[in-house]
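Colleague: First, the structure itself, so that you have it in front of you.
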Amino acid sequence: MTLEENLKQITDLSDRPAVALETTVLTHGMPYPQNVECALACEEAIRKAGGEPYTIGIIKGQIKIGLSKEEIEELGKNMQAMKVSRRDLPYVTAQGLNGSTTVAATMILAKMAHIKVFSTGGIGGVHRGFNETMDVSTDLGEFAKTDVNVICAGPKAILDIPRTLEYLETAGVEVIGYKTKKVPLFYTSTSNYDLDQWVDSPEELAHIIHNADVLGLKQGALILNPVPEEYSLDASWMDEKIKEAIAMMEKDGITGKRVTPYLLDKLVGLTGGNSLKTNMALIENNARVGGLLAAALHKMR
Ligand code: PSU
Ligand code: MN
Numbered sequence: 169m170t171l172e173e174n175l176k177q178i179t180d181l182s183d184r185p186a187v188a189l190e191t192t193v194l195t196h197g198m199p200y201p202q203n204v205e206c207a208l209a210c211e212e213a214i215r216k217a218g219g220e221p222y223t224i225g226i227i228k229g230q231i232k233i234g235l236s237k238e239e240i241e242e243l244g245k246n247m248q249a250m251k252v253s254r255r256d257l258p259y260v261t262a263q264g265l266n267g268s269t270t271v272a273a274t275m276i277l278a279k280m281a282h283i284k285v286f287s288t289g290g291i292g293g294v295h296r297g298f299n300e301t302m303d304v305s306t307d308l309g310e311f312a313k314t315d316v317n318v319i320c321a322g323p324k325a326i327l328d329i330p331r332t333l334e335y336l337e338t339a340g341v342e343v344i345g346y347k348t349k350k351v352p353l354f355y356t357s358t359s360n361y362d363l364d365q366w367v368d369s370p371e372e373l374a375h376i377i378h379n380a381d382v383l384g385l386k387q388g389a390l391i392l393n394p395v396p397e398e399y400s401l402d403a404s405w406m407d408e409k410i411k412e413a414i415a416m417m418e419k420d421g422i423t424g425k426r427v428t429p430y431l432l433d434k435l436v437g438l439t440g441g442n443s444l445k446t447n448m449a450l451i452e453n454n455a456r457v458g459g460l461l462a463a464a465l466h467k468m469r
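Residues 169 to 469 (my numbering) are what the sequence shown spells out, left to right.
Shown next, in the form of structure tokens:
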């Protein structure tokens, strides 16, 4: 099938309560079998909340909006997939490869199916040591370009948080706290960073997204949903572990797209598996809120 034929097959989901899910977290963000377990739990959480899940990925060069359970298991088990961000889309489709999509690439593909809501765990951002490495994730620029609204648990503490927030402000990206006035830091449910925008319900989020559409802004909001309290890890303890992981990374000479997967992997070991438990809990919680939001948007139509 040519890419042109592939794109023609993509259904317009604008009249469905659709929620997109990414696949980089499946292949590069978590170990097997927890990754598959988590991906399927997310789909279930979305359905329970009144939404329809569509896990996005690329199988043998073909873009798929809504992977089957078997495809999710296959990708998660064999991990034979290239981590695909915006710049990799032409390559992976032309070469007929398997690709797992990052936040940026998933937004681009979700938009092709007119999906407005996308739930994930963590986004890429401005990395610590940015002055030296210039490591800024493509994810950050994507919010300003593509009108898909992303629910995450906040910028991960492996990032430079203040610079990530400044970047989002400069790019003109709405950052909205869901039931919080402070920026949650992924593994930790709160922080000292104040938010300018917050809401208490999916209906308020749906109204804001509707208004962005009416204004013709053609950009996505970043919705920050804190990890449930019982899974929140101590910020300063986590910070120590992150510093250790970054030191290992520098010693191993890891750069570019390998940075985030490397750090996530090392943290699982350094925290005795605690970071993985928290990661799974927050992803599922974001999927649930994604389902609620998609249902609220659907009702407004
Ligand atoms: N943060 C996580 N888990 C992940 C990722 C980020 O906690 O799996 C993935 C997402 O797919 C995100 C990508 O889009 O890493 C960012 O990679 P980079 O920093 O190379 O842009
Ligand atoms: Mn990077």
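All residues carry an ideal CB built from backbone N, CA and C; glycine is no exception.
Inspect the beta-carbon positions of residue 316 and residue 291 and report whether they are closer than 8 Å.
Modeller: no
Colleague: Using a Cβ-based criterion (distance less than 7 Å to any ligand heavy atom), does residue 190 qualify as near ligand 1?
Modeller: yes
Colleague: Just confirm the distance between the C-beta atoms of residue 348 and residue 396, as a whole number of angstroms; I'd bet it's less than 8 Å.
Modeller: Rounded, the Cβ-Cβ distance is 12 Å, inconsistent with contact.
Colleague: Taking the alpha-carbon of residue 196 as reference, which of 234, 267, 310 and 383 has the nearest alpha-carbon?
Modeller: Selected option, being the one with the closest Cα: 267.
Colleague: Find out if the Cβ-Cβ distance for the pair residue 192, residue 270 is shorter than 8 Å.
Modeller: yes
Colleague: Should residue 427 be listed as close to ligand 2, given that the test is whether its C-beta is under 7 Å from any heavy atom?
Modeller: yes
Colleague: Using 7 Å as the cut-off, classify the Cβ of residue 301 as near or not near the heavy atoms of ligand 1, replying yes or no.
Modeller: no
Colleague: Going along the chain, which residues of its own chain have a beta-carbon closer than 6 Å to the beta-carbon of residue 234, five neighbours each way excluded?
Modeller: 222
Colleague: Between the Cα of residue 385 and the Cα atoms of 340, 171, 344 and 404, which residue gives the shortest distance?
Modeller: 340
Colleague: State the DSSP-derived secondary structure class of residue 429, mapped to helix, strand or coil.
Modeller: helix
Colleague: Is residue 391 near ligand 1, going by C-beta to nearest heavy atom under 7 Å?
Modeller: no
Colleague: Have a look at the DSSP bridge pairing and note the partners of residue 221.
Modeller: 187
Colleague: Using CA coordinates, which residue listed in 452, 275, 464 and 466 is at the minimum distance from residue 214?
Modeller: 452
Colleague: Quick one: complete beta strand (DSSP E) runs, 3+ long, within the stretch 310-350?
Modeller: 317-320 and 343-346
Colleague: When DSSP labels each residue in this structure, what does residue 439 get in the three-state scheme?
Modeller: coil
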